[in-house]
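Below: the structure, in structure tokens.
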Amino acid sequence: MSMPAVQFDMELILENFTRGASKDYNIFLGQLSDPEINDDNLVKYLNGLRHCITSLDRTHEMLVGKVLRLDWAGRRQAVVQVYQSLLLNLVSVHTDYLKAGLRMIVAQFLPKAKDFMTEDEESTRAIQDSVRKKHDVIFINLHTLLKAIAQIIPMTPVLLLPLLSEHFPYLKKETYIQECYVKNLLQVTHYIPSIRQRVLELVVDRMIKLDVRCPRHLVEEAESQEDMEDGDIFDLEDGGSKKSLFHQSDEGYISRLGASARPMKHKEADRLDIMMDLVFSYMHNTCYTNGELDWETTKLLYREMLMIFERIILPTYASCHVQFIMFYLCSIKESICEGFIDYLWKKVQDPNTAAIFRQVAVAYMGSLLARGKFVPLSMVKTCLDLMTKWIHSYLDHSSQDTVHADITHHAPFYSVCQSLFYVFVFRNKDLIEMKRGYKWVESLNFQRIITSRLNPLRVISPLIVKTFASITRMHQLAFCDTVIDRNNRMILPISGDSSTSWAGRETKMLDTFFPFDPYLLSRSGRFIISHYQEFQGNLEEENPETSDEEEEDMFAEEAARSVENSLMLPFCNTLAEKSTVDFMNYGTSPGFKHH
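Take any residue in the sequence shown, count from 1 to its spot, add 616: that is its number in my numbering.
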């Protein structure tokens, strides 16, 4: 049943309401609430209200509330224009309504589920173009209004930021809702640049929370299962039995990300993939104008992202992908990469920084030097020089009373050693083949490091030790086998003295933490693939008779031992849920916050 018609004179309706005659006023409220209201009538009502703006004070909160709840952004352009004009005038004259107006706009950044949800989950994930185009029109209209409000009311950013945080969809909301909201948040920063860093912080914080909910081994399992179902498995050497030395994800990495960017099977990973792709696109479009790098804009973005890295990414335990934001930024220009490495190295050297953050910083540094194709060899050489000089200085000043590996008191030292060996394993060929490269590598004096009282080979990743030993033996740069054999014997219990002698104790292992391990997300991987260095190496030379199957077992066994012996503090998550063969994934890092 339709509402009774009212002779429309907005000024008279408001005047009668003030005098206590509310019949026409209530009828008008009913007409505004009618979901079947047509565009022509709506334009008439809105125009009438627009001419009575000064009268719409707090006594008419109910009426203004009806206006704010109108479904206007997807209607004809005539409705959109008059509504935008009405709301702009309303919040200008009556700033009490500003927060409610902003809330209405932000709430519509989230598409209504009924517009795209179906009973078929796969169909829901594959949103039709017509639905996207409809929502794009709505979002454009919303941003046009928000931009106009921000231009005339200076306090808009202050009220807007809490609303943007408040309306961020829950982690389990549909991927398309998450996508639309993040896209709209990033769009806001184009016309309200003063809040860009805070908005990016909101987005990164949400991505971090998603990232830690999709551990690497679960994402790999989900994707591997799909590949087996589709018959689309990677053709590895020897029938797929030969695994990458440094991470199972390295093998087939390029071919996987180079394929069509299909949705991820792991739901949280799929949502994260969409968000990462949006952020990478945003960063690219911010830094480049018509294909040319805007250096001043890029520097500003880097400074903002570095602060976000410091606050959110660096202290977070078990993220696998969000940190690639910094990887991508470093790939844009060499001076950014140099600046980021300088920031990390200063943190490593700073004795006032907590030990765990010094360890994490050098892990980021080592992982970037090893994995970034864009990192020039001269920069790698300079960084290895810095690391080895710091290590030798540390050995010079370490107490002569130290007679064994002691990760509790020297954790940053061992982390620097591990990163040094890791980078050398990745880049040794290039370093040795450069002019006078062999002489330079000799000057690093690896032999002194490995034979020192602090005994770094005792506590760093067994597989890094094994590979580093193989390479340095082959080039006669250091001889690790004696130290390794002695360390292995120290693990064995000694009859009659195992409870008191050092030889009978079990040494804690250093975390195998390298943040730029292979990137698994399919869509956003397009921004990483061309800049990413896969591991190129082989360990079989020392024992060619070892079968592939035995080799895999050996790697898994060593990795498991590394994980089981990892240094853990009471407030860290257990590693029981992590894959034992995934040893180049994040180890348990004491002091990391959990989401």
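Quick reminder that beta carbons are idealized off the backbone N, C-alpha and C, glycines included.
All of these numbers come straight from a predicted model, not from anything done at the bench.
Here the alpha carbons of THR998 and PRO778 stand approximately 45 Å from one another. In the DSSP assignment, ARG927 falls outside any alpha helix (DSSP H), carrying neither H nor E. For MET892, the closest alpha carbon among the candidates LYS799, GLU920, LEU917 and ASP1133 is that of LYS799. Note that the C-beta distance between ILE793 and LEU894 is not below 8 Å. When the Cα atoms are used, LYS728 and VAL696 turn out to be separated by approximately 19 Å.
Per DSSP, GLU652 is not a residue of any alpha helix (DSSP H), being assigned neither H nor E. In the structure shown, MET1003 falls within a helical segment according to DSSP collapsed to helix, strand and coil. Ranked by Cα distance from HIS806, the first of MET1090, LEU1047, HIS759 and THR634 is HIS759. LYS989 and HIS783 do not touch by the CB rule: their CB atoms are close to 39 Å apart, not below 8 Å.
By the neighbour-count criterion, in which 16 or more other beta carbons inside 10 Å mark a residue as buried, GLU912 falls on the exposed side.
In this chain, the alpha helix (DSSP H) harbouring TRP961 covers 950-965.
Distances from the CA of ILE1144 to each of TYR944, LEU1093 and SER1086 were compared; the closest alpha carbon is that of TYR944. Per DSSP, the unbroken alpha helix (DSSP H) holding LEU703 starts and ends at 693-709. Nearest C-alpha to ILE1048 among ILE1087, VAL1081 and ASP712: ILE1087.
When the beta-carbon positions are compared, HIS900 and CYS830 stay at least 8 Å from each other.
Taking 8 Å as the upper bound for CB-CB distance, LEU1002 and TRP1056 are not in contact here, some 14 Å apart. The three-state secondary structure of THR969, taken from DSSP, is coil. A straight line joining the alpha-carbon of ASP1022 with that of ALA971 spans about 14 Å. TYR898: member of the alpha helix (DSSP H) spanning 883-903, first to last residue. Note that the C-beta distance between ARG1089 and PHE1095 is below 8 Å. In this structure LEU888 does not touch ASP958 by the C-beta definition: roughly 29 Å separates them, more than the 8 Å allowed. In the same chain as ILE808, and ignoring 5 residues on each side of it, the C-beta atoms closer than 6 Å to its own belong to ALA766 and PRO773, in chain order. Nearest C-alpha to SER994 among PRO1134, MET1050, PHE633 and ASN757: MET1050.
Beyond the five residues adjoining it in sequence on each side, LYS750 comes within less than 7 Å, by CB distance, of GLY690 in the same chain, given in chain order.
DSSP places LYS728 outside any alpha helix (DSSP H), giving it a letter other than H or E. Residue nearest to SER951 within the set LEU762, GLY982, PRO992 and ASN968 is PRO992 (criterion: CA-CA distance). Contact check for VAL820 and ILE669: beta-carbon distance about 40 Å, past the 8 Å limit, so the pair fails to qualify. Distance from the CA atom of ARG919 to the CA atom of ALA977, rounded to whole angstroms, is 17 Å. Between THR932 and ILE824, the C-beta spacing is below 8 Å.
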